[in-house]
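Participant: Note that the protein sequences, when read in sequence, are chains A, B and C.
Here the first sequence is numbered in the working numbering, starting from 28 and rising by one per residue.
Here the second sequence is numbered in the working numbering, starting from 27 and rising by one per residue.
Here the third sequence is numbered in the working numbering, starting from 4 and rising by one per residue.
C-beta: ideal position from N, C-alpha, C; glycine also.
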Amino acid sequence: MVILPLKMVGATAYVRGKRLVGPVDLTLAPEGFTIVIGPNGAGKTTLLRLMHGLQRLSGGSIDWAVSLTEARRKQAYVFQSPIMMRRRVVDCIAYPLLLRGENKKSARAKAKTYAERYGLGHVLQNWAPDLSGGEKQKLSLARALITEPEILFLDEPCANLDGRATREIEAILQKVQDEGNRIVMSTHDLGQARRLAKDVIFMLNGKIHESGEAEEFFSAPQTLEAQAFTNGEIVE
Amino acid sequence: MNEITQGFWDAWALILFFDPDLYEIIFLSLRVTVTAVVIASLIGLPIGALLAVNRFRHRRFVIALLNALMGLPPVVVGLFVYMLLSRAGPLGGFGLLFSPSAMIIAQVIIITPLIASISHQTVRDLWANYHDLLISLNTTRAQRISALLWDSRRALLTATLAGFGRAIGEVGAIIIVGGNIDHATRVLTTAIALETGKGNFAFAMGLGMVLIMLAIIVNLLIHNLTKTEQASTW
Amino acid sequence: MKLGWKVLVAATLIASASHAETLRMAVTTSFYNSGLSEVLLPEIKADLGLEVQLIVVGTGQALRLGKAGDVDAILVHFRIAEEDFVEGGFGTHRREIMYNDFVFIGPSDDPANLTEANSAIDALQRIYAVKATFASRGDDSGTHKMEMNLWDAAELSTELPEGDWYRAAGASMGATLNVASGMNAYVLSDRASWLSFGNKGDLVLLYAGDPALFNQYAYIPVNPTLHPHVHSELALILEDWLTGAKAAELITNYTVNGEDLFTFNASTK
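1) Hey, is Gln128 (chain C)'s beta-carbon within less than 8 angstroms of any beta-carbon in chain B?
2) With Tyr145 (chain A) as the anchor, note down where its alpha helix (DSSP H) starts and where it stops.
3) Starting from Asp157 (chain A), follow the beta strand (DSSP E) in both directions and report where the run begins and ends.
4) For Thr39 (chain A), report the span of its beta strand (DSSP E) as first-last.
5) Closest Cβ-Cβ distance between Asp112 (chain A) and chain B: below 8 angstroms?
6) Give the residues of chain B in contact with His79 (chain A), contact being defined as C-beta atoms less than 8 angstroms apart.
7) Cβ of Leu47 (chain A) less than 8 angstroms from any chain B Cβ?
8) What are the residues that DSSP puts in a beta bridge with Met28 (chain C)?
9) Mind listing the chain B neighbours of Arg135 (chain A)? Cutoff is C-beta to C-beta under 8 angstroms, in chain order.
10) Run through DSSP, which three-state label would Ser19 (chain C) get?
11) Could you give the first and the last residue of the continuous alpha helix (DSSP H) run that contains Glu165 (chain C)?
12) What's the C-alpha gap between Lys22 (chain A) and Thr165 (chain B)?
13) Going by Cα to Cα distance, which pick from C:Gln128, C:Phe34, C:Val225 and C:Ala178 is closest to Arg27 (chain C)?
14) What did DSSP end up calling Val203 (chain A) once you bin it into helix, strand or coil?
15) Could you tell me whether the segment 149 to 165 of chain A touches the segment 187 to 203 of chain A, where touching means 3 or more Cβ pairs closer than 8 angstroms?
16) With a threshold of 16 other CB atoms inside 10 Å of the CB of Asp118 (chain A), please say whether the residue is buried or exposed.
17) Nearest-angstrom Cα distance between Ala221 (chain C) and Ala39 (chain B)?
18) Which chain B residues are close to Phe106 (chain A), counting only those with a beta carbon under 9 angstroms from its beta carbon?
19) Measure the Cβ-Cβ separation of Tyr122 (chain A) and Ala171 (chain A) and say whether it is below 8 angstroms.
20) Taking Cβ-Cβ distances shorter than 8 angstroms, what residues in chain F pair up with Phe227 (chain B)?
21) If you reduce the DSSP assignment to three classes, tell me which class Glu236 (chain C) lands in.
22) Is there a Cβ of chain A sitting closer than 8 angstroms to that of Gln169 (chain B), yes or no?
23) Can you list, in chain order, the residues of the segment 44 to 59 of chain C whose Cβ is nearer than 9 angstroms to any Cβ on chain B?
24) Check whether the segment 76 to 92 of chain C touches the segment 118 to 133 of chain B, taking contact to mean three or more Cβ pairs, one atom from each stretch, closer than 8 angstroms.
25) Could you give the first and the last residue of the continuous alpha helix (DSSP H) run that contains Gly145 (chain C)?
26) If you follow the alpha helix (DSSP H) that Arg180 (chain B) is in, where does it begin and where does it stop?
27) Does Gly3 (chain C) come within less than 8 angstroms of chain B when only Cβ atoms are used?
28) Beta-carbon separation of Leu214 (chain B) and Ile51 (chain B) under 8 angstroms?
29) What do you get for Tyr49 (chain B), buried or exposed, if any count of 16 or more other CB atoms within 10 angstroms of its CB means buried?
30) If the cut is a Cβ gap below 8 angstroms, which residues of chain B does His232 (chain C) touch?
31) Secondary structure at His236 (chain A), three-state DSSP: helix, strand or coil?
32) Among the residues of its own chain, which have a CB less than 6 angstroms from the CB of Ala185 (chain B), if the five just before and after it don't count?
33) Measuring alpha carbon to alpha carbon, tell me which residue in C:Glu85, C:Gln128, C:Thr136 and C:Gly145 is nearest Val60 (chain C).
34) Below 8 angstroms between beta carbons is the criterion; list the residues of the segment 145 to 176 of chain C that meet it against any residue of chain B, in chain order.
35) Would you call the CB atoms of Val197 (chain B) and Tyr108 (chain B) closer than 8 angstroms?
36) Tell me whether Phe43 (chain B) sits in a helix, a strand or coil according to DSSP, three-state version.
Structure (structure tokens):
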């Protein structure tokens, strides 16, 4: 079952009377690595939360190719500040499988494989909240990918990490993308966007200001604001 | 001052000479209180978690009610349970009055609000932390509550120990519904009340010391049993 | 952690009550504090195989427990209330067992000069005359009712005793004696509670002996037609024993600190 494409029509999010995002019209194709860029407060996070269903829709529509219940099961989300359950690393990674009714033993075995794949093999039995920032984000990735989602959302996963950890996460993401996974990721780091993006959504003031293939966007941005942003100038 | 030291020595004498009556009283105190704490936890912990996770219309009122019930005087609870269990009362047919079961019921009523309230605060804090993740993972309400309760088990243990502390030291309610019957429903606190009434202050103090030692031992025991697996700070 | 839960669960499973032949009797605090029950109960168990469980409460509460059918029999000491209880059909009959007496306790320097009193009423009038501090039960118990009747007979200038000198403790005999001991006050106590009281301080026995101070204990089985679950047969067996020769001997010979406490006066049927 393929849950993509995702179609957003006039999607709007208001929080306490303030418009955070929208109206947004957008179609996410079944393949690709989409980077959502834009200055702070542009609505990147809210857009991702809207897609994933963490943010209530105030107007417009968001439709997957399948029913919402089905679609919810086939996506995963990595938060900017990693949310660590008070459990051992292996149990944190196994948790989504347990939720889906898998037995503890096979869930643990699978979690071990994923932990090792993402460089957590040496901290399997450590307590998740005690991990370093980079390890926490790797755990988040392993936990997100263990359910084999069709689409993975990442909200500024490297915002709180140092250079080395950022490189490690980027390498993992590159690999995940190479394995054919659909990724939608927000970042305000232009360099990171250049390194990873296949296509780009440039947001400003809660709206999609410009979007397109990454190469085109970075070589020849259409709008003045996008030009300024890609040149590293301050855009508000 | 003299009677306090005397009480201290009396306590040691009773313990060291394995006074059978004392050990019977201690055992009954533990049996009644531990049973009450387990039952109150089974009721109070999920209620606290539900209050933290669920948004419903009268949630604030229920929380306020819970906090108010924490201040309920035990004597009132005792009287209420007495009237329920009395032969003339609605549950009289069970013949539970003046039995350890009646004392357990009274203690459950006294400590459930306390346990539920502490559980609510604890789970609420963890829920604020876990919220986005558990929503993202499509958890059902039951899955959320069980994850939150399990992951805050250390703090919740403190809640149950608070309940234990309140129950083991309670006298007003259980003396009414238990009757303080020798060899049947006499526990440490009611024995202390009795000896105080007789003016045997030193002996009453001795029993009080035993009570405190018991509470300390239970607390240390529980903490040691739980610490073995968890080295981390929380 | 896991072990912790197991211990808790295991502890809850250790719970069961034994069901020997038991009889529940509500008795007054004054009777219990005398220590006589500790002599009688083992003998009853040995002779009759009957385990008597005592619910120790004030007379008022004992009567309530009997009315509700929560006990099988009561042993109290306030005649008017007892007769009402039987007339109301709550008890089958009233059987007098024994009596002891009330005594006036007070500070050893005796400011109201109670040692020279010639009656219980005279004693109260002396206390009232100098407004000496007096601790009252104030809890509607048998002892308190006895005290109020005596004040009534003493015909004070005010209808009831009141003022700073009169302290109603609202508590059991032991607690009231503790109050009196703390304030060095006069107090009316049953002799049994006084003799076994361990916190006498500066208090001494100042006046006793007026027949008006006699304290008659009576035994009343709870009416089985009203409460079919009460053990009325056991209650009758216990009554036979309590009024028999062995009980007579044990009660008469019972002493606290070398002093006789009770006079056995049960009539043979």
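Facilitator: Reading it off the structure:
1) no
2) Neither: Tyr145 (chain A) is in no alpha helix (DSSP H) and is coded neither H nor E.
3) Per DSSP, Asp157 (chain A) belongs to no beta strand (DSSP E) and is neither H nor E.
4) Leu33 to Val42
5) Note that residue 112 (chain A) is Met in the sequence shown here, rather than Asp. Judged by the 8 angstroms Cβ criterion, Met112 (chain A) is in contact with chain B.
6) Ser162
7) no
8) C:Leu57 and C:Ala76
9) By Cβ distance, chain B contributes nothing, its closest Cβ being about 16 angstroms from Arg135 (chain A), past 8 angstroms.
10) Residue placement at Ser19 (chain C) is flagged as unreliable, the pLDDT there being 34, under the threshold of 50; the coordinate-derived value follows with that caveat. Coil, per DSSP.
11) No alpha helix (DSSP H) holds Glu165 (chain C); DSSP gives it neither H nor E.
12) Because chain A is modelled from 28 through 263, residue 22 (chain A) falls outside the range shown and cannot be assessed.
13) C:Val225
14) helix
15) yes
16) buried
17) 39 angstroms
18) Asp158, Leu159 and Ser162
19) no
20) Of the chains in the structure shown, none is chain F; the protein chains are A, B and C.
21) helix
22) yes
23) Leu44, Glu54, Gln56, Leu57, Ile58 and Val59
24) no
25) Gly145 to Ala157
26) Arg179 to Ile194
27) Residue 3 (chain C) lies beyond the range of chain C shown here (4 to 272); nothing can be said about it.
28) yes
29) exposed
30) Arg113 and Gly121
31) strand
32) Ile141, Ile144 and Ser145
33) C:Gly145
34) Ser175 and Met176
35) no
36) coil
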